[in-house]
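This report refers to the structure that appears directly beneath it.
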Amino acid sequence: MPNTGMFIKSEFNGDSSITSAGVEMMVKQNYSNFGVVFTSAIGAAVIDNKQGEQEEFITWDNGMKLGYFNDFFIYAELGLDLFELALKTIGATTPTK
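Here our numbering is used: position 92 in the sequence shown is 118, and no number is missing along the way.
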């Protein structure tokens with residue numbers, strides 16, 4: 027049976043920040059410390075863009091961690107923001123005047 031949990035996290039870099047709450051599910055074999063963790067989180071972001079302006083938006087981060095999980099963790103992580111992906115795709119296909 028997969029282990030599940032809930033989390034709250036905050037990330038900061040200069041004036042930019044992302045705060046989110048989510049769930050995670052760890053899948054691994056019994057008596058093994060190697061496994062996969064799937065995560066999904068909803069959050070709020072305040073980010074400085076390349077033009078120096080602040081943008082505020084909602085995030086929906088989804089990801090996967092593959093690695094060793096015991097008293098210490100070492101893993102590779104892959105993730106993306108589905109809201110950002112969807113909005114950029116819609117914006118790219120919407121004609122402008």
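Beta carbons are placed, not taken as given, at the ideal position from N, Cα and C, and that holds for glycine.
Does DSSP put residue i in a helix, in a strand, or in coil?
i	result
E50	strand
E110	helix
T120	Low confidence applies to T120: its pLDDT is 47, below 50, so where it sits in the model is not reliable enough to give any reading.
Taking the continuous beta strand (DSSP E) assigned at residue i, which residues delimit it?
i	result
G31	N29 to N39
Give a yes or no on whether the C-beta atoms belonging to residue i and residue j are separated by under 8 Å.
i	j	result
E82	A71	yes
T65	N96	no
M90	V62	yes
E50	F33	yes
L108	W86	yes
S58	T45	no
Answer with yes or no whether the minimum CB distance from residue i to chain D is below 8 Å.
i	result
S58	Protein chains in the displayed structure number just one, and chain D is not present.
Original post:
Could you give the uninterrupted runs of the beta strand (DSSP E) lying entirely in the segment 46 to 99, keeping only those of 3 residues or more?
Top reply: Complete beta strand (DSSP E) runs here, min 3: 60 to 74 and 80 to 95.
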